[in-house]
Amino acid sequence: MCFLCGLQSLLCGTIEFNEDIDKPESYPDEPTKIMCPKCSIYRNATYREKLTVFNLCYLPLCTTRRSIAYLACKSCKFKLGSADYNTCRCGITSSISSNFCGNCGRGKEQFKLETIKGESGEFKKQQVENKEKEIKIVESDEGIKEIIKK
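Going left to right, the sequence shown walks through residues 1 to 150 as the UniProt record's numbering numbers them.
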């Protein structure tokens, strides 16, 4: 019998929850003014990690597992993924999988790739070129055939 909660059996197990953390070492800074694909709000991102905690009679005792840090929206806590992101000329940041800026509509082709090396690996960061380019997309039945940059 459990004397703490009065139950016949001893209740124990693990519980998982997500927690905001400070920027981990060797990680790039959190992107500012990022457009969240879930809530469509422009806010700063934050690093979060998933914790697994062992509990006994619903009392948390110790942390058993921590996940790697990931970026999340500050508003809705949606997981944005890794530290790969695009920063547009208009100042809005979007995920690297986005083909266009959600604010001004510029295409991904107008971004320039910059790789940041950290202790734990490489992180890619997109930055805008200063020159404005004209882009012509030639489409066919199979999809985009070629992209012509001028």
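Glycine included, every Cβ here is placed at the ideal spot set by N, Cα and C.
(request) Compute the Euclidean distance between the alpha carbons of residue 89 and residue 31, then round it to the nearest angstrom. (result) 14 angstroms
(request) Compare the C-alpha of residue 56 against each of 102, 13, 103 and name the closest. (result) 13
(request) Name the residue from 87, 51, 60, 36 whose alpha carbon lies nearest to the alpha carbon of residue 79. (result) 36
(message) Between which residues of its own chain and residue 76 is the CB-CB distance below 8 angstroms, once the five residues before and five after are set aside?
(response) 36, 38, 39, 41
(message) Using 8 angstroms as the threshold, is the C-beta distance between residue 69 and residue 24 below it?
(response) yes
(message) Beta-carbon within less than 7 angstroms of residue 19's beta-carbon, same chain only, minus the 5 sequence neighbours each way: which residues are those?
(response) 48, 49, 51
(message) Using C-beta distances below 8 angstroms, list every residue in its chain close to residue 119, excluding the 5 sequence neighbours before and after it, in chain order.
(response) In this predicted model, residue 119 has a pLDDT of only 48, less than 50, meaning its place in the structure is not dependable; the value taken from the coordinates is given anyway. Around residue 119: 25, 26.
(request) Find out if the Cβ-Cβ distance for the pair residue 44, residue 74 is shorter than 8 angstroms. (result) yes
(message) Considering just the uninterrupted stretch of the beta strand (DSSP E) at residue 23, what are its terminal residues?
(response) Run containing residue 23: none; DSSP gives neither H nor E here.
(message) Buried or exposed, going by whether 16 or more other CB atoms sit within 10 Å of the CB of residue 106?
(response) buried
(request) Using the Cα positions of residue 63 and residue 15, report the straight-line distance between them to the nearest angstrom. (result) 10 angstroms
(message) Considering only DSSP beta bridges, list what residue 18 is partnered with.
(response) 50
(request) For residue 67, collect the residues of the same chain with a Cβ closer than 6 angstroms to its Cβ; drop the 5 residues on either side in sequence, then sort them by chain order. (result) 49, 50
(message) Taking the beta carbon of residue 34 as the centre, do at least 16 other beta carbons fall within 10 Å, making it buried, or is it exposed?
(response) buried
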